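Sequence order for the protein chains is U and R.
All residue numbers for the first sequence refer to this note's numbering, where the first residue is 1 and numbers rise by one.
All residue numbers for the second sequence refer to this note's numbering, where the first residue is 1 and numbers rise by one.
Contents: one structure, followed by commentary.
2 protein chains.
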Amino acid sequence: MTCSVAQCLDVVGEWWSLLIVRDAFLGVTRFDDFQARLGISRNILTQRLNHLVDNDVLKRVAYCDHPPRSEYRLTAKGRDLWHVVMAMRQWGDRWAAPGGPPVQTKHTACGHVITAVLVCSHCGETLDARAVTAIPGPGASEDGFDRTPLARSGT
Amino acid sequence: MTCSVAQCLDVVGEWWSLLIVRDAFLGVTRFDDFQARLGISRNILTQRLNHLVDNDVLKRVAYCDHPPRSEYRLTAKGRDLWHVVMAMRQWGDRWAAPGGPPVQTKHTACGHVITAVLVCSHCGETLDARAVTAIPGPGASEDGFDRTPLARSGT
């Protein structure tokens with residue numbers, strides 16, 4: 001499917017993968033720490049970590065030679081998922097956190113507890129679903145964006 | 001698990017659910033149109049639509065009385081997932097769209113093809129993973145955020 005949302009889901013569209021990435025953003029790097037936090041079987045954790053390394057989201061970095069031990073760190077591609085994790089966190093905070101946000105985000109530069117706000121790259125206005133329209137891009141294919149008539153939006 | 005990322009995944013952490021929400025943002029409302037676009041079995045589509053309605057992400061709206069027919073529209077809670085879908089789309093555009101973005105986003109107010117930029121709600125600076133620190137919030141629990149020592153970030 002020619003769709004960047006689907007491409008992203010191909011890499012991290014699985015509960016455990018995204019929770020591993022979430023924990024990596026919280027500073028977790030070692031197998032045993034991921035395992036303790038996620039309560040996941042070693043077998044499945046190994047599979048998901050391998051999948052994330054194969055897709056260049058995490059990289060293995062040796063931290064001990066004798067015995068050989070490595071830890072997992074986010075790559076640039078992995079760090080770029082911060083926006084996705086942040087978006088999910090803020091949605092959960094808003095709609096599914098009756099006791100208040102479990103985790104808050106502090107902006108190092110200004111020192112405040114903040115939320116991340118989406119703004120337009122051109123004019124700087126705040127964005128939401130109703131402020132934008134989707135249009136076919138250069139990578140659009142016949143069987144993707146255009147397959148279904150979308151012109152029913154007035155009905 | 002006390003974590004807003006996990007709460008979000010509980011509702012939409014499944015390939016089809018998020019692709020249904022993506023299509024809803026593109027203006028798709030009817031069962032047959034979702035089915036044609038996603039190439040998904042009617043059985044699974046029914047399950048996923050019911051799950052999204054049960055979780056107040058989509059609502060059923062009657063559009064015909066004889067015969068009875070309804071369509072699916074995003075609720076306020078569902079529309080608030082736009083940030084998540086947009087974050088995934090931009091990540092896919094950047095890391096997995098060799099032919100260019102299949103879909104582009106036009107900001108209605110300024111008329112430009114844009115990207116959504118994350119900025120700090122307090123100071124307005126652009127944000128990324130390295131600009132922020134996670135701290136426990138009011139909803140934090142012992143077995144959540146604090147369970148694993150996170151102070152290894154200097155090692």
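All C-beta atoms, glycine included, are put in the ideal place defined by N, C-alpha and C.
Quick caveat, the model's predicted, so the values are computed rather than measured.
Between the options, which lies nearest to residue i when the distance is taken from Cα to Cα?
| i | options | result |
| --- | --- | --- |
| U/PRO136 | R/PRO136, R/GLU125, R/PRO101, R/GLN35 | R/PRO101 |
| R/CYS158 | R/LEU58, R/TYR72, R/GLU125 | Look at the range of chain R in this structure, 1 to 155, and you will see that residue 158 of chain R is not part of it. |
| R/GLY111 | U/ASP128, U/VAL132, U/ALA96 | U/VAL132 |
| U/THR75 | R/ARG69, R/LEU19, R/TRP95, R/PHE34 | R/TRP95 |
| R/GLN90 | U/THR29, U/LEU118, U/SER70, U/ARG30 | U/LEU118 |
| R/ILE44 | R/ASN55, R/TRP16, R/THR29, R/ARG30 | R/TRP16 |
| U/ALA134 | R/GLU125, R/GLY124, R/HIS122, R/ILE114 | R/ILE114 |
| U/SER141 | R/VAL103, R/GLU125, R/GLU14, R/ALA116 | R/VAL103 |
| R/ALA6 | U/ALA116, U/VAL21, U/ARG42 | U/VAL21 |
Is the beta carbon of residue i within less than 6 Å of some heavy atom of the ligand COA?
| i | result |
| --- | --- |
| U/VAL119 | The ligand COA is absent from the structure shown, which contains no ligands of any kind. |
With 16 other CB atoms within 10 Å as the buried threshold, where does residue i fall?
| i | result |
| --- | --- |
| U/THR108 | exposed |
| R/GLY154 | Low per-residue confidence applies at R/GLY154: pLDDT is 35, beneath 50, and the placement is therefore not dependable enough to give any value. |
| U/VAL11 | buried |
| U/ALA97 | buried |
| R/ASP93 | buried |
| U/ALA62 | exposed |
| U/THR46 | exposed |
| U/ASP33 | buried |
| R/ARG48 | buried |
| U/GLY99 | exposed |
If you check the beta carbons only, do residue i and residue j fall under 7 Å apart?
| i | j | result |
| --- | --- | --- |
| U/LEU58 | U/GLY78 | yes |
| U/ALA36 | R/TRP82 | no |
Which residues in the same chain have their Cβ closer than 8 Å to the Cβ of residue i, if we skip the five residues on either side of it in sequence?
| i | result |
| --- | --- |
| U/LEU19 | LEU38 |
| U/ASP56 | THR75, LYS77, GLY78 |
| U/GLU125 | VAL119, ALA131 |
| R/LYS106 | HIS112, VAL113, ILE114 |
| U/ASP146 | Here U/ASP146 scores only 45 on pLDDT, less than 50, and its place in the model should not be relied on; the value that follows carries that caveat. Counting only Cβ-Cβ distances below 8 Å, and skipping sequence neighbours, we find PRO136, ALA140. |
Using a Cβ-Cβ cut-off of 6 Å (strictly less than) and excluding sequence neighbours within five positions of residue i, which residues of its own chain qualify?
| i | result |
| --- | --- |
| U/CYS120 | LEU127 |
| R/GLY13 | none |
| U/ALA116 | MET86 |
| U/CYS8 | none |
| R/PHE31 | none |
Tell me which residues share the same chain as residue i and place their Cβ nearer than 7 Å to its Cβ, disregarding the 5 neighbours each side in the sequence.
| i | result |
| --- | --- |
| U/ARG60 | VAL53, SER70, TYR72 |
| R/GLY159 | Here chain R covers residues 1 to 155 and nothing more, so residue 159 of chain R does not appear. |
| R/ILE40 | TRP16 |
| R/CYS123 | none |
| U/THR29 | GLU71, TYR72, ARG73 |
| R/SER4 | none |
| R/PRO67 | none |
| R/LEU150 | In this prediction, R/LEU150 scores a pLDDT of 45, lower than 50, which makes its location untrustworthy; no coordinate-derived value is stated. |
| R/ARG42 | GLN35 |
| U/HIS51 | SER17 |
Inter-stretch contact (C-beta, 8 Å, three-pair minimum) for the region 79-89 of chain U and the region 5-25 of chain U: yes
Chain B contacts from the region 118-129 of chain R (Cβ-Cβ distance under 7 Å): Here the protein chains are U and R, and chain B is not one of them.
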